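Numbering-wise, the sequence shown is residues 1088 to 1346 according to my numbering.
Here the structure is laid out as structure tokens; the discussion comes afterwards.
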Amino acid sequence: MDLGIRGKKAIVCASSKGLGRGCAMALAEAGCDLVVNGRNGELLTSTAQDIRDRYGVKVTEILGDVSKPEVQKAMLAACPDPDILVNNNGGPPLRDFRTLDREKILEGVTQNMVTPIELIQAVIDGMAARGFGRIVNITSLSVYVPIPGLDLSSGARAGLTSFLAGVARTVIDRNVTINSMLPGKLDTDRLRGPHEAGTPEDPAAAAERKARISADVPAKRLGTPEEFGQICAFLCSVHAGYLTGQNIPVDGGLYVSAF
């Protein structure tokens, strides 16, 4: 399917690896020029070059933590009039809520709620004026299914969801959509556990780990960043202009609900 976004400009946050990288790859395949971002310079450079080599699109690298105002400014300077914004950022680590002090709570809310709102504020009016905009927020299935120990992540992402629900309805008439993707169990570093970036995993150990983690998933497997990215790209396409304010679980059927 031609997604109709060839030549569009996209900012993809936290896109040097994992789900962000999957989204960047899919948008590049659709013909978008990209601003990619990450905290690890080596990984970011590798991802950017891989995208250029595969798809021949323009890729600008912005190194740093996307929650930092100076990094946001650098991304927007590199792409002042984006057609597409994919908000993504790592979540707070698993920890008992009793151990959270005010500083940690505010940091988690800044990373997973305030930062995407700030970026949306910066781009939404330009998108509306130009008559095209696609904003996708990568949140978490924990917005719907609470996970003890991820309370801060769940709360911040749920706050973002509620905050944007009304905003999404104010710009749809100008062909700007805002939707969220709620990943369940996808095969990323977050489910692999602590390890050095780029460290290979023993194939037998990997197979055992994936089977164990996905045992309660109806699909009986972990999702991949590549298929996640393709869904993101569709939400950013010209074909998704009548879809807004939605939270879409990408979870192999793990979230059980008829509605």
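Cβ coordinates follow ideal geometry from the N, Cα and C atoms, glycine included.
Just so it is clear, the structure is predicted and the values come from calculations on it, not from any experiment.
Can you tell which of the options has its C-alpha closest to the C-alpha of residue i?
{"i": "P1312", "options": "G1094, Y1329, V1201 and S1102", "result": "S1102"}
{"i": "R1093", "options": "D1170, Q1159 and L1163", "result": "D1170"}
{"i": "V1099", "options": "V1146, V1337, R1277 and P1270", "result": "V1146"}
{"i": "L1341", "options": "L1330, G1332, N1334 and A1306", "result": "A1306"}
{"i": "A1117", "options": "S1229, I1259 and K1096", "result": "K1096"}
{"i": "T1257", "options": "G1271, T1331, F1184 and E1194", "result": "T1331"}
{"i": "F1250", "options": "D1238, P1203 and Y1329", "result": "P1203"}
{"i": "V1196", "options": "L1172, L1247 and D1152", "result": "L1247"}
{"i": "L1090", "options": "G1253, A1320, S1229 and N1334", "result": "A1320"}
{"i": "A1164", "options": "N1175, L1206 and N1174", "result": "L1206"}
{"i": "N1175", "options": "K1160, V1201 and T1186", "result": "V1201"}
{"i": "D1303", "options": "D1188, I1192, F1184 and G1339", "result": "G1339"}
Within the continuous beta strand (DSSP E) that includes residue i, where are the two ends?
{"i": "M1214", "result": "Element bounds for M1214: not the beta strand (DSSP E) but the alpha helix (DSSP H), T1202 to R1217."}
{"i": "P1235", "result": "Where P1235 is concerned, there is no enclosing beta strand (DSSP E), given that its DSSP letter is neither H nor E."}
{"i": "P1180", "result": "First-last for P1180: undefined, no H or E at that position."}
{"i": "L1269", "result": "V1263 to P1270"}
{"i": "A1097", "result": "K1096 to V1099"}
{"i": "R1349", "result": "Past the edges of the chain, shown from 1088 to 1346, lies residue 1349, and the structure says nothing about it."}
Applying the 10 Å Cβ sphere with the 16-neighbour rule, what's the burial state of residue i?
{"i": "A1245", "result": "buried"}
{"i": "V1325", "result": "exposed"}
{"i": "S1154", "result": "buried"}
{"i": "M1268", "result": "buried"}
{"i": "P1290", "result": "exposed"}
{"i": "M1162", "result": "buried"}
{"i": "A1135", "result": "buried"}
{"i": "G1220", "result": "buried"}
{"i": "G1125", "result": "buried"}
{"i": "V1343", "result": "exposed"}
{"i": "A1298", "result": "exposed"}
{"i": "K1160", "result": "exposed"}
{"i": "T1186", "result": "exposed"}
With respect to the alpha helix (DSSP H) encompassing residue i, which residues constitute its N-terminal and C-terminal limits?
{"i": "A1164", "result": "P1156 to A1165"}
{"i": "V1153", "result": "Run containing V1153: none; DSSP gives neither H nor E here."}
Residue i and residue j: beta carbons closer than 8 Å?
{"i": "A1215", "j": "T1264", "result": "no"}
{"i": "S1240", "j": "N1199", "result": "yes"}
{"i": "C1119", "j": "V1144", "result": "yes"}
{"i": "L1322", "j": "L1273", "result": "no"}
{"i": "V1123", "j": "L1114", "result": "no"}
{"i": "N1262", "j": "G1218", "result": "yes"}
{"i": "P1270", "j": "I1225", "result": "yes"}
{"i": "N1334", "j": "V1230", "result": "yes"}
{"i": "V1173", "j": "V1223", "result": "yes"}
{"i": "L1228", "j": "P1156", "result": "no"}
{"i": "I1300", "j": "L1278", "result": "yes"}
For a test of your reading of the model: does the CB of residue i fall under 7 Å from any non-hydrogen atom of the ligand GTP? Yes or no.
{"i": "T1134", "result": "Judged by which ligands are present, the structure shown has none, so any question about the ligand GTP falls away."}
Pairs of beta-carbons, one from the stretch 1205-1220 and one from the stretch 1234-1241, closer than 8 Å: are there three or more? no
State whether the stretch 1306-1321 contacts the stretch 1106-1120, with contact taken as three or more CB pairs (one from each stretch) at a distance under 8 Å. yes
Okay, do the stretch 1176-1193 and the stretch 1134-1151 touch, 3+ Cβ pairs below 8 Å being the bar? no
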